[in-house]
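By the count of our numbering, the sequence shown reaches residue 872 at its end, each step adding exactly one.
Note that beta-carbon positions come from the ideal geometry of N, C-alpha and C, so glycine has one too.
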Amino acid sequence: MTSTAIGAPVNRLDGPAKTTGQARYAAEFPYEGLAHAALVHAAVARGHITAIETAAAEAVPGVLAVITHLNAPAMKPPPKRSILNLETLAGGTSVNYLNTGEVHWNGQPVGIVVAETLEAARHAAGLVRVSYEPLPFEADFAAVAHTAARARGNPMMPTAGSKGDADGALAAAAVSVDLRFTTPRHHHNAIEPHATTAVWDGDRLTVHDATQNVWWLRGHLAHKFGVPASGIRVISPFVGGAFGGKSNVWPGTILTVLAARVTGRPVRMMLSREGVYRATGGRQPSAQRVAIGAGRDGRLTALIHLSTAPLAKVGGWAEQITSMAQHMYDAAAIRHEQRTLQLDTISTSVWRAPGESIGSFALESAMDELAYGLGLDPVELRRRNEPARSPMDGKEFTHRRLTECFAEGAERFGWEGRSAEPGSMRDGRWLVGWGTAAAYHPAWLFPANVTVRLSADGTAEVRCGFHEMGMGAATAQAQVAADALGLDVAAVTVSYGDTDLPSGPGAGGSTQTASVARSVVAACEKLKKSIGTPRPGESYAGVLARTGRAHAEASVGSDSALGRIAGQVGFLARTVRDGRRWVKAACGAHFCEVRVDPETFEVRLTRWTGVFDVGRVINAKTTASQLRGGIVMGIGIALQEETLLDPRTGRIVNPSLSEYHVPVHADVPPIDVHCLDGADPTMPLGILGAGEVGVVGVAAAVGNAIRHATGVRLCDLPMTLDRLL
Ligand code: MOS
148 MTSTAIGAPV
158 NRLDGPAKTT
168 GQARYAAEFP
178 YEGLAHAALV
188 HAAVARGHIT
198 AIETAAAEAV
208 PGVLAVITHL
218 NAPAMKPPPK
228 RSILNLETLA
238 GGTSVNYLNT
248 GEVHWNGQPV
258 GIVVAETLEA
268 ARHAAGLVRV
278 SYEPLPFEAD
288 FAAVAHTAAR
298 ARGNPMMPTA
308 GSKGDADGAL
318 AAAAVSVDLR
328 FTTPRHHHNA
338 IEPHATTAVW
348 DGDRLTVHDA
358 TQNVWWLRGH
368 LAHKFGVPAS
378 GIRVISPFVG
388 GAFGGKSNVW
398 PGTILTVLAA
408 RVTGRPVRMM
418 LSREGVYRAT
428 GGRQPSAQRV
438 AIGAGRDGRL
448 TALIHLSTAP
458 LAKVGGWAEQ
468 ITSMAQHMYD
478 AAAIRHEQRT
488 LQLDTISTSV
498 WRAPGESIGS
508 FALESAMDEL
518 AYGLGLDPVE
528 LRRRNEPARS
538 PMDGKEFTHR
548 RLTECFAEGA
558 ERFGWEGRSA
568 EPGSMRDGRW
578 LVGWGTAAAY
588 HPAWLFPANV
598 TVRLSADGTA
608 EVRCGFHEMG
618 MGAATAQAQV
628 AADALGLDVA
638 AVTVSYGDTD
648 LPSGPGAGGS
658 TQTASVARSV
668 VAACEKLKKS
678 IGTPRPGESY
688 AGVLARTGRA
698 HAEASVGSDS
708 ALGRIAGQVG
718 FLARTVRDGR
728 RWVKAACGAH
738 FCEVRVDPET
748 FEVRLTRWTG
758 VFDVGRVINA
768 KTTASQLRGG
778 IVMGIGIALQ
788 EETLLDPRTG
798 RIVNPSLSEY
808 HVPVHADVPP
818 IDVHCLDGAD
828 PTMPLGILGA
838 GEVGVVGVAA
848 AVGNAIRHAT
858 GVRLCDLPMT
868 LDRLL
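Okay, structure coming up:
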């Protein structure tokens, strides 16, 4: 057992708690005297509030308080964002909610109602009447896309760069494509909507919150409410999906904490499904151009990838839409650039594989179109342009097995049976198309403080404030510790999701498993040294028993003020150093089959193969599930998902799962996931991260299959059947 702990398909340790209903989510913690809250949302995109009528709401039986900017106590405005202090990135927007009568987006919370029951709170919230002096606004991305400015983008990734004269090389190329793409707004639709339970005890605060980052949330609340972070405990043992939507602190959480302060009661609020769209940021839409030139030999001479995408005037995160273009293909000349503009909407946030998941739609669709222009198989085109080093700057790849992913995927899928001519493959009346595309996602590390305790009875505990959102993050760490200490996985408990634990990383960027494992391994090594050398055949727990010690403990990292700063400085130094030297990334190859009805243009996916290189696989089962889940989300991007905003009002008009469509089982084909499994030489245990790479390239693979089935190149997402008419 011990030697196979790493890599084994271990069932999730949190599975029984979830399937038996014992797992408690943020809105499920019982408190004596618990009150319930609901938000009041603005109905204009921009304006001053001129009046708020709350009498009708206050008259509802059971209503305890109606809090608006007219009676809310002062809070501190959100801190200025700075990459030097990552915690300042926590706040969703720059708005000081309920301390201002200004409205910055249609749906901004302008009040919170607290009542004895959820029903009373929601009913009363609907009775609050708000009057506005409306102001001019811009919310329609398409109308103002020409005003874009150079993006700052993701501070850890370049958003513009060039090598050679890409425009000249494109004009001179023997074969070229030049395509424009659009992708719509997306929202995260986690099963568990954002939820908070807040309890004050004097200046001490306990918060249960659906969050990807208990540490950012704690720091942000300490700042907003002017209390020491050490007096705030954030508890988040289970999160019902997040996908980036729970990485920032949104107004619902802040106002629930405020409501508890004002009423002196424990207060719980869960956003309605509509509330998730109004009060949390989704992913930005984009307009992209990809132009590629090649010689007749299929070698790229020019690669250009440009994007424009909106943030909000009140903030937002520029996804690194064009960043992947620097690392994929060995083109003689490359230019990539990302531009942003600011709209009167809620801040945009990150959405699984931010940047790559939509940037790859444009890049990998254009590569496929070039293959038609060259009369080359798209797998062969990619093989001919596989770079030995990162093509923009000659940096070394720490690990790059993309060609192997394509070869293995082609083999598993039976790609050699593809007839190249579009529309040439049929199954009865259905047009059949096969498509392929590459996946790519960068790998990073964040600081993690970890304590490991081994007991003489042969059990161990790993303590670290990281996050389990259902992906198997905790199970992976149990496997890492079991392997290091020579224990069964079942003998290891993992404690996470709590600021009373040593501080851990947020769940984001596919970084958690490697980041925490790095410290778990180090803590286990330290622990074994402190225990002493076992006799032949003896375990470390056996040494403890023999020497009369009940347990032994070792820690990595410190949560003193100095220790936290050292952790952050170390992280930044390591990121800069590694970034100068290497390109580290997971990659993969997708293969899919679509059937298109020749009369209705209905598109059905019938099978999928994904082969990935995610470095060392810690848990074969949960890793495959992450990759499969990414592919399912990518199918949503390809065929269904689209947040629609009315340009006349700036209001989202499809804020529900009945009108914002995500894939259901009937939309998802059998998915064959395979990992090459080989350690990256520079990452802890060789882990590159598997949370996001699966979604990258999926929409392009579907579009490429539709192109093969029908001859039609679709450049706008989602690829609904009306676009094929
Ligand atoms: Mo993810 S979009 O890094 O939570």
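Subject >> Whole-number beta carbon distance between K371 and M222, since they are thought to touch under 8 Å >> reply: Taking the first residue of the sequence shown as position 1, residue 222 is located at position 75. Taking the first residue of the sequence shown as position 1, residue 371 is located at position 224. Going by Cβ atoms, the distance from M222 to K371 rounds to 5 Å, so yes, they are a contact pair.
### Query
Considering only residues of the stretch 573 to 601, which uninterrupted beta strand (DSSP E) runs meet the minimum length of 3 residues and lie entirely inside it, listed in chain order?
577 to 589
Would the beta-carbon of T640 fall within 7 Å of that of G612?
-> Here the question's residue 640 lines up with position 493 in the sequence shown. Here the question's residue 612 lines up with position 465 in the sequence shown. No; because the gap between Cβ atoms is not below 7 Å, this pair is not in contact.
*According to the neighbour-count rule (16 or more other Cβ atoms, all chains shown, within 10 Å of its Cβ), is E516 buried or exposed?*
Your numbering for residue 516 matches position 369 in the sequence shown. Per the 10 Å Cβ criterion, buried.
Measure the C-alpha to C-alpha separation of H737 and V840 and round it to an integer number of angstroms.
-> Here residue 737 is taken as the residue at index 590 of the sequence shown, counted from 1. Here residue 840 is taken as the residue at index 693 of the sequence shown, counted from 1. Whole-angstrom Cα-Cα distance: 11 Å.
According to DSSP, which residues form a beta bridge with V730? Indexing the sequence shown from 1 puts residue 730 at position 583. For V730, which the question treats as bridged, DSSP gives the partners F544.
Closer than 8 Å is the cut-off here; do at least three beta carbon pairs connect the stretch 336 to 350 with the stretch 443 to 450? no
4 or more residues per run - each alpha helix (DSSP H) lying fully within the stretch 606 to 642
620 to 632
- Query: By a C-beta neighbour count over all protein chains shown, 10 Å radius and 16 as the cutoff for buried, is G238 buried or exposed?
  - Reply: Position 91 of the sequence shown holds residue 238. Label assigned to G238: buried.
Does at least one heavy atom of the ligand MOS sit under 6 Å from the Cβ of R430? Counted from its first residue, the sequence shown places residue 430 at position 283. No, the beta carbon of R430 sits no closer than 6 Å to any heavy atom of the ligand MOS.
message: Quick check on the DSSP output: the beta strand (DSSP E) that includes G308 runs from which residue to which?
response: Within the sequence shown, residue 308 is the residue found at index 161, counting from 1. Looking at the DSSP string, the run of the beta strand (DSSP E) that includes G308 is A307 to K310.
**Message:** Pull the bridge partners of V396 from the DSSP assignment, please.
**Reply:** Taking the sequence shown and counting its residues from 1, the one referred to as residue 396 is at position 249. Paired residue(s): G238.
Q. Ordered along the chain, which non-local residues of its own chain (more than five positions away) have a Cβ less than 6 Å from that of V354?
A. Taking the sequence shown and counting its residues from 1, the one referred to as residue 354 is at position 207. Excluding sequence neighbours, V354 sits near A345 and V381.
Straight-line Cα distance separating G582 from A664
Here residue 664 refers to the residue found at position 517 when the sequence shown is read from its first residue. Here residue 582 refers to the residue found at position 435 when the sequence shown is read from its first residue. Between A664 and G582, the C-alpha separation is close to 36 Å.
* Verify whether the separation of the beta carbon atoms of A296 and V207 is less than 7 Å. => Here the question's residue 296 lines up with position 149 in the sequence shown. Here the question's residue 207 lines up with position 60 in the sequence shown. No, Cβ-Cβ distance for A296 and V207 is not below 7 Å.
Worksheet item: Quick one: what's got a C-beta closer than 7 Å to M417's C-beta in the same chain, skipping five residues either side?
Response: Taking the first residue of the sequence shown as position 1, residue 417 is located at position 270. Result list for M417: A174, P340 and A342, in chain order.
Self-check item: V361 to G399 span [Cα, whole Å]
Solution: Locating residue 361 in the sequence shown gives position 214, where the first residue counts as 1. Locating residue 399 in the sequence shown gives position 252, where the first residue counts as 1. About 15 Å.
- Query: Should the stretch 811 to 820 be called in touch with the stretch 529 to 547, which here means at least 3 C-beta pairs below 8 Å?
  - Reply: no
Once the 5 residues before and after R159 are set aside, which same chain residues still bring their CB inside 6 Å of it? For the purposes of this step, residue 159 is identified with residue 12 of the sequence shown, where counting begins at 1. For R159, where only same-chain residues beyond five positions count, the Cβ hits under 6 Å are G619 and T622.
(message) Measuring straight from C-alpha to C-alpha, what distance separates C734 and S642?
(response) Here residue 734 refers to the residue found at position 587 of the sequence shown. Here residue 642 refers to the residue found at position 495 of the sequence shown. Approximately 31 Å between the Cα atoms of the pair.
*In terms of residues, what are the limits of the beta strand (DSSP E) holding S702?*
For the purposes of this step, residue 702 is taken as the residue at position 555 of the sequence shown. Taken as a continuous stretch (DSSP letters only), the beta strand (DSSP E) holding S702 covers H698 to V703.
Quick one: is the Cβ of G825 within less than 6 Å of any heavy atom of the ligand MOS? As a working note, residue 825 is residue 678 in the sequence shown. No.
Open item on the list: The alpha helix (DSSP H) that contains I784, what's its start and end?
Closed with: Within the sequence shown, the letter at position 637 stands for residue 784. Where I784 is concerned, the enclosing alpha helix (DSSP H) stretches over A767 to L786.
Shortest alpha-carbon distance to A629 belongs to which of E615, A607, G704 and S650? Within the sequence shown, residue 629 is the residue found at index 482, counting from 1. It is A607.
Exercise for review: Within its chain, find whatever has a CB closer than 8 Å to the CB of T132; leave out the 5 residues flanking it on each side and keep chain order.
Suggested key: Nothing can be reported for residue 132, as the shown portion of the chain is limited to 148 through 872.
* To do: Identify every residue that forms a DSSP beta bridge with T329.
  => Start at 1 with the first residue of the sequence shown, and residue 329 comes out as number 182. According to DSSP, T329 bridges with A434 and D863.
Given the structure, does S394 come close to the ligand MOS, in the sense that its CB is under 6 Å from one of the ligand's heavy atoms? Along the sequence shown, read from residue 1 onward, the residue named residue 394 stands at position 247. The answer is yes for S394.
Three-way DSSP call (helix, strand, coil) for Q473 in this model: Taking the sequence shown and counting its residues from 1, the one referred to as residue 473 is at position 326. The answer is helix: DSSP assigns Q473 an H, G or I state.
- On the three-state DSSP scale, how would you describe S454? Taking the sequence shown and counting its residues from 1, the one referred to as residue 454 is at position 307. Three-state result, S454: strand.
Is the CB-CB distance between V847 and E533 below 7 Å? As a working note, residue 847 is residue 700 in the sequence shown. As a working note, residue 533 is residue 386 in the sequence shown. Note that residue 847 corresponds to Ala in the displayed sequence, not to Val. No.
Is the number of C-beta pairs between the stretch 488 to 501 and the stretch 459 to 473 that are closer than 8 Å three or more? yes
Around the C-beta of N218, are 16 or more other C-beta atoms found within 10 angstroms, so that it is buried, or is it exposed? Within the sequence shown, numbered from 1, the residue matching residue 218 stands at position 71. With fewer than 16 Cβ atoms within 10 Å of its Cβ, N218 is classed as exposed.
With 16 other Cβ atoms within 10 Å as the buried cut-off, status of L648:
What you label residue 648 is simply residue 501 of the sequence shown in a count that begins at 1. With 16 or more other Cβ atoms within 10 Å, it is buried.
* To do: Run the CB neighbour count on L872, radius 10 Å, all protein chains shown included, and call it buried at 16 or more, exposed below.
  => Within the sequence shown, residue 872 is the residue found at index 725, counting from 1. So L872 ends up on the exposed side.
- Query: Whose C-beta lies closer than 7 Å to the C-beta of N253 among residues of the same chain, with five residues either side of it excluded?
  - Reply: Here residue 253 corresponds to residue number 106 of the sequence shown, with the count starting at 1. Cβ neighbours of N253 beyond the five flanking positions: A189, A190, V191, A192, T796, G797 and R798.
How big is the Cα-Cα spacing for A724 and G717?
The residue labelled residue 724 in the question sits at position 577 within the sequence shown. The residue labelled residue 717 in the question sits at position 570 within the sequence shown. Per the sequence presented here, residue 724 reads as Arg, with Ala not at that position. Rounded to whole angstroms, R724 to G717 spans 10 Å at the Cα level.
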